[in-house]
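*Asks:* Note that the UniProt record's numbering has the sequence shown beginning at 1, numbered continuously upward. By construction, the Cβ of each residue, glycine as well, lies at the ideal position given by its N, Cα and C atoms. Since we're looking at a predicted model, the values are computed, not measured. What follows is a structure written as structure tokens; I'll ask about it next.
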Amino acid sequence: MYNDKVMKSALESMMFVWGEPLKVKDAAEVLDADKKVVKDLFLDLQREYAMMGRGIRIREVDGAFQFVTHAENEIFIEKLCTPVKVKKLSQAALEVLAIIAYRQPVTKGEIDSIRGIKSERVIDGLMSKDLVDVAGRSEGVGRPLLYKTTGEFLKKFGFASIKDLPDITEFDDIEEYDEETPHEQLSINFEGDADSEDK
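Below is the structure:
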């Protein structure tokens, strides 16, 4: 078995080459090491990069890890890179995404019932952006499709897991939240760069 220094170095190289979030399971197989040991090494690296104030940070995404740019450096990255228009989600898309995020797995009928309007085209749009996916079928009448958020959703909004969503104890009462409804919170996060930390 390799020592910690060698494995940390290997994890850095793998994250750099892989590009996408690197799963602990996959990294452990490459290193022929225990998954818990590898995850602890990922977390150690994450802390080290943050403590050193480096421009590159390590972010956890649904049990995987990837390199991201430090959020405070966004202004410099924007100046360096050719401006690219960031497509923002429409109000309808944010509403549907919030419902799915907080109620998942959820059927289209349930989404329509909450919104009071058909949501099929909006769901299709979210699926084309890889923010929403099919989670299976309901046991209800007609066995309608169930929808859930994806790993791409977590990456876009800067969540390590779905448990990081803002706590809403009663989803049916979200209209009472005048300043911070779930879709408004998602809107704030979505407007940032998908490759920046804490966006």
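Taking the straight line between their C-alpha atoms, what separation do you get for Gly-142 and Gly-109?
*Replies:* Computed Cα separation, rounded: 11 Å.
*Asks:* Judging by CA-CA distance, which residue of Met-52, Val-61, Ala-98, Gly-136 is the nearest neighbour of Glu-152?
*Replies:* Comparing Cα positions, the closest option is Val-61.
*Asks:* On the three-state DSSP scale, how would you describe Ala-64?
*Replies:* Strand.
*Asks:* Restricting to Cα atoms, I'd like to know which of Leu-145, Pro-144, Lys-129, Glu-139 is closest to Leu-154.
*Replies:* Ranking the options by Cα distance to Leu-154, first place goes to Lys-129.
*Asks:* Is Glu-29 helix, strand or coil by DSSP?
*Replies:* Residue state, collapsed to three classes: helix.
*Asks:* Thinking just about the alpha-carbon of each residue, which of Met-51, Glu-120, Asn-73, Ala-71 is nearest to the one in Ala-92?
*Replies:* The candidate whose alpha carbon is nearest that of Ala-92 is Glu-120.
*Asks:* For Tyr-102, report the span of its alpha helix (DSSP H) as first-last.
*Replies:* Start and end: 91-103.
*Asks:* Can you give me the start and stop residues for the alpha helix (DSSP H) that Arg-115 sits inside?
*Replies:* From DSSP, the alpha helix (DSSP H) with Arg-115 extends over 108-115.
*Asks:* How long is the line joining the alpha carbons of Phe-157 and Ala-98, rounded to whole angstroms?
*Replies:* About 12 Å.
*Asks:* Assuming Val-134 contacts Leu-126 (C-beta within less than 8 Å), just tell me the rounded distance between them.
*Replies:* Contact flag wrong, Cβ pair sits at about 12 Å.
*Asks:* When you compare each of Glu-48, Leu-89, Ala-28 to Gly-63 by their alpha carbons, which one comes out closest?
*Replies:* Comparing Cα positions, the closest option is Ala-28.
*Asks:* Using the Cβ count rule (16 or more neighbours within 10 Å means buried), how would you classify Val-84?
*Replies:* With a pLDDT of 48 at Val-84, under the threshold of 50, the predicted position of this residue should be treated as unreliable, though the coordinate-derived value follows. Exposed is the call here.
*Asks:* Return yes when the Cβ of Val-96 is within less than 8 Å of the Cβ of Ile-75, no when it is not.
*Replies:* No, these two residues do not count as a Cβ contact at 8 Å.
*Asks:* Within the continuous alpha helix (DSSP H) that includes Val-132, where are the two ends?
*Replies:* Looking at the DSSP string, Val-132 is not in any alpha helix (DSSP H); the run it does join, the beta strand (DSSP E), is 132-137.
*Asks:* How far does the alpha helix (DSSP H) with Glu-11 in it reach, from first residue to last?
*Replies:* Residue identity differs from the one stated: residue 11 is Leu in this sequence, not Glu. Element bounds for Leu-11: 4-18.
*Asks:* Do Gln-66 and Met-14 count as a contact pair if the criterion is CB distance below 8 Å?
*Replies:* Going by C-beta atoms, Met-14 is not nearer than 8 Å to Gln-66.
*Asks:* Should Leu-80 go down as buried or exposed, given a rule of 16 or more other Cβ atoms within 10 Å for buried?
*Replies:* It is exposed - the Cβ of Leu-80 has fewer than 16 other Cβ atoms within 10 Å.
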